[in-house]
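Student:
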């Protein structure tokens, strides 16, 4: 690999040091940092709520917090983790930072819109934090009617406002990415030369733009019914509660793919780099991404198999849910095949990526149990579902997010993190995660419903295992905060391309200058042009 | 700690067969993937001296193979599961009706002969049962883990569930749809009795009037009979034997007068007006409880049987 000449320009971090220079920035890289700070704060708020939940569930009796407090805890955990961490996590941080760099562009298409979307996110966040201070909300993150419109006496409208507002931030980010990918690619960066990370974020952006407005409308209708008693969802007012579920899941199922597709993109970048291999089946990977994004819109009814929707609707949604598992399976097989005859280095990002493949496989396969409609009747609304989607969202998305943070840390900050600590944290998180969530599969099959403040004593052993795992997981999540933070000040300076990686983002200095590239970089004729036979420099 | 769960209905072994088949299929595939990943990771670790040449970057037959094989397996699993699911909602002739009303935070059960229970449900073993489930407030879910069945109780509509208990014993009854403060405490027990024990249990219920009789009382108390009685001067449809009949509506639709239709006619009388009648009936929302309505339906069903 040729040595890249220093650009001789100040890096984007040196463009201004005042707080004002940060909060008025239009640089996609600085906006990515702003998002990173904000979502990290929300991650630990949501995590604190989860810690309280797991502490309460150590004993079968509700002895730590009251039932109402418990209900507020799982609601805030869900609302914060879904809308204020997982949805923006990879797209708004790594996506914002990397998409222009990866396609050889100097900026996103609409830099002002980009900073606006961050402000909208913060405004939504203020609503949610105010909801917490005012006394919380107890509807669950799903806001099911008529409980949320007629029977809850907590701050439903405030919380719904927060989610409504933050939705516009993801719509604007999605819009920005779509236009950026269409219009800003460097000469030679054809669609089938784009990194899978860009493909994944592009597909995610389409989902954001198409699905999020439906959520916004649904939440407005909910607020109208709650405040003005307009009959939409409440049968006492002539409405239909299942209508809410249809509208809510029309957004919230595709939202799962908003959370996991970008993670798949990250993993493709990391595995190819540390196996020194081209991705196996590049085009199938692209089509799989689009297939997941497309089918993802047609499966929302699988959340409603026991809701009273028509039996035949249930069967159609069951069939479509099996279909969406096919492209997911293709991706797992292709990652595995990519390792074949590679030259594999077990760096911290690679450990996270391999962890992702394992946990996503388990999470995806248990999704088949829930797609099998007769079996779902027993398993839905139990801990089996909790375990399933945490394997996808925490085992999958959060692992990939952390892997991506480590992989691009030198590029983003210009510093190297401590590799040994990175590996230790990855292993602790993997072990803690499995201990937390695997017992929940068994709890679900044995019939423990979700959102239970108290539970029968026969479930205690598995709940103690799960809570023990959660405490290990908490240590694992706090560790990177320490050693990554330390590296910001004491870490060795990073070269432009510490991993000898192939993407365009590595063809500029670390950290990049404000305009990313001094001159437009040359695009490789094939993506991921790694070769396992040549030892990396 | 209990590591197993009783399988006490005709449905349970079918659902368990699906579960363990899936466990086997996904277990084998997951094990194969993990073994391959670990094998590749060891054999092709960076420090290993090994032939790394000639690995293809794509191979269409392999891609098609691992696209189409899962697809075929998935379609098979789908069809099997959908077939089992269909039976949960199939009407079995001679099924014993049981009426369930969910309410924050209790389950109210009513048997056709009028025996009422709260947070308990007694069933005879081997007798097909059809649950008709309603809710008085928010959405609940009637969850019987040992039967592998649950069904949401949704305000504003009836849901049903058909099954046969196959083993005597006592099983858990829970609520599995979050419904507010005491969601975790909403539940109780299901007791499956031998037929003779069940008959004895019913008799101990004593002198309570049966459900249809209570429905007739409600029919009078709420004033339904004032218009719908044959001797009434108000022009209103005769309801004798209405249950299960085809009703022709003013807007040209024809519907079967099932539980849901009767319920809607009581609460939303202007929605399905019978052809030839004026929409003069007031809504009984707020006056008739879910229990009243279920009893009135039982009464109307009994009038059907009385006809020659």
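Protein chains in written order, with the numbering used here: chain A, 129 to 665; chain B, 314 to 621.
Note that CB positions come from ideal geometry on N, CA and C, so glycine has one too.
If we count Cβ pairs, one from each stretch, closer than 8 Å, do we get three or more for the segment 402 to 421 of chain B versus the segment 437 to 457 of chain B?
Tutor: yes
Student: Going along the segment 466 to 481 of chain B in order, which residues come within less than 7 Å of chain A, judged by CB to CB distance?
Tutor: Against chain A - using a Cβ distance shorter than 7 Å - the residues of the segment 466 to 481 of chain B are 467, 468, 469, 470 and 472.
Student: So, for residue 167/A: in the same chain, excluding its five sequence neighbours on each side, which residues have a beta-carbon less than 8 Å away from its beta-carbon?
Tutor: 212, 213, 216, 217, 220 and 221
Student: Go to residue 482/B, then tell me how far its beta strand (DSSP E) extends in each direction, as first and last residue.
Tutor: 482 to 488
Student: Would you list, in chain order, the members of the segment 178 to 210 of chain A that have their beta-carbon closer than 9 Å to a beta-carbon of chain B?
Tutor: 190, 194, 195, 196, 198, 199 and 202
Student: Comparing the CB of residue 400/A with every heavy atom of the ligand NAP, is any distance shorter than 6 Å?
Tutor: As far as ligands go, the structure on display features none, and thus does not contain the ligand NAP.
Student: In chain B, which residues lie with their C-beta within 7 Å of the C-beta of residue 471/A?
Tutor: By Cβ distance, chain B contributes 357, 359 and 365.
Student: At the level of alpha carbons, what is the spacing between residue 389/B and residue 383/B?
Tutor: Taking the straight line from one Cα to the other gives about 10 Å.
Student: What distance in whole Å lies between the Cβ atoms of residue 325/A and residue 230/A, which are believed to be in contact at a cut-off of 8 Å?
Tutor: 6 Å
Student: Let's test the definition: count the other Cβ atoms within 10 Å of the Cβ of residue 591/A and tell me whether it reaches 16, buried, or not, exposed.
Tutor: buried
Student: How is the beta strand (DSSP E) around residue 457/B delimited, first residue to last?
Tutor: 453 to 457
Student: With a floor of 3 residues, list each beta strand (DSSP E) that falls wholly inside the segment 541 to 621 of chain B, ordered by position along the chain.
Tutor: 559 to 561 and 567 to 569
Student: Is it a yes or a no for the segment 244 to 253 of chain A touching the segment 319 to 339 of chain A, going by three-plus beta-carbon pairs under 8 Å?
Tutor: No, the segment 244 to 253 of chain A does not touch the segment 319 to 339 of chain A.
Student: Where does the unbroken beta strand (DSSP E) through residue 467/B begin, and where does it stop?
Tutor: No beta strand (DSSP E) holds residue 467/B; DSSP gives it neither H nor E.
Student: So, for residue 636/A: in the same chain, excluding its five sequence neighbours on each side, which residues have a beta-carbon less than 8 Å away from its beta-carbon?
Tutor: 132, 135, 229, 624, 644, 645, 646 and 649
Student: Given a threshold of 16 other Cβ atoms within 10 Å of its Cβ, counted over all protein chains shown, does residue 180/A qualify as buried or as exposed?
Tutor: Buried: at least 16 other Cβ atoms inside 10 Å.
Student: I want to know whether the segment 430 to 450 of chain A touches the segment 393 to 405 of chain A - three or more CB-CB distances under 8 Å.
Tutor: Taking a contact to require three or more Cβ pairs closer than 8 Å, the segment 430 to 450 of chain A and the segment 393 to 405 of chain A do not qualify as touching.
Student: If contact means a Cβ-Cβ distance below 7 Å, which residues of the segment 447 to 465 of chain B contact chain A?
Tutor: Answer set for the segment 447 to 465 of chain B: 450, 451, 452, 454, 456, 458, 461, 462, 463, 464 and 465.
Student: Would you say residue 325/A faces chain B, with C-beta separation under 7 Å as the test?
Tutor: Output row for residue 325/A: interface = no.
Student: Does the segment 191 to 209 of chain A come close enough to the segment 493 to 509 of chain A to have 3 or more Cβ pairs within less than 8 Å?
Tutor: In short, these stretches do not touch, since the Cβ pair count stays below three.
Student: Just by C-beta distance, which residues in the segment 491 to 505 of chain B are closer than 7 Å to chain A?
Tutor: 491, 492, 493, 494, 495, 496, 497 and 498
Student: Looking at the C-beta of residue 586/A, does it have a partner C-beta in chain B at a distance below 7 Å?
Tutor: yes
Student: Is residue 374/A helix, strand or coil by DSSP?
Tutor: helix
Student: Could you name the residues of the same chain whose beta carbon sits closer than 7 Å to that of residue 269/A, not counting the 5 residues immediately before and after it, in chain order?
Tutor: The answer, listed in chain order, is 203, 206, 207 and 210.
Student: How big is the Cα-Cα spacing for residue 284/A and residue 599/B?
Tutor: 25 Å
Student: Of all the options 572/B, 400/B, 509/B and 324/B, which has the alpha carbon lying nearest to the alpha carbon of residue 469/B?
Tutor: 572/B
Student: Alpha carbon to alpha carbon, how far is residue 577/A from residue 453/B? Give it in angstroms, no decimals.
Tutor: When rounded, the distance between both Cα atoms is 12 Å.
Student: On the DSSP bridge assignment, give the partners of residue 420/B in chain order.
Tutor: 415/B
Student: Using a C-beta to C-beta distance shorter than 8 Å, which residues of chain B count as neighbours of residue 418/A?
Tutor: Here the premise fails: no neighbours, minimum Cβ distance about 14 Å.
Student: So for residue 453/A, helix, strand or coil by DSSP?
Tutor: helix
Student: Expressed to the nearest angstrom, what Euclidean distance is found between the alpha-carbon atoms of residue 350/A and residue 238/A?
Tutor: 32 Å
Student: Going along chain A in order, which residues have a C-beta closer than 7 Å to the C-beta of residue 397/B?
Tutor: 502
Student: Just grab the DSSP bridge partners of residue 570/A for me.
Tutor: DSSP links residue 570/A through a beta bridge to no other residue.
Student: My guess is that residue 607/A and residue 553/A are in contact by the Cβ rule of under 8 Å, so how many angstroms apart are they, rounded?
Tutor: 4 Å
Student: By the three-class DSSP mapping on this structure, what secondary structure does residue 166/A have?
Tutor: helix
Student: Does residue 373/B pass the burial test, meaning 16 or more other C-beta atoms within 10 Å, or should it be called exposed?
Tutor: By the beta-carbon neighbour count (other beta carbons within 10 angstroms, threshold 16), residue 373/B is exposed.
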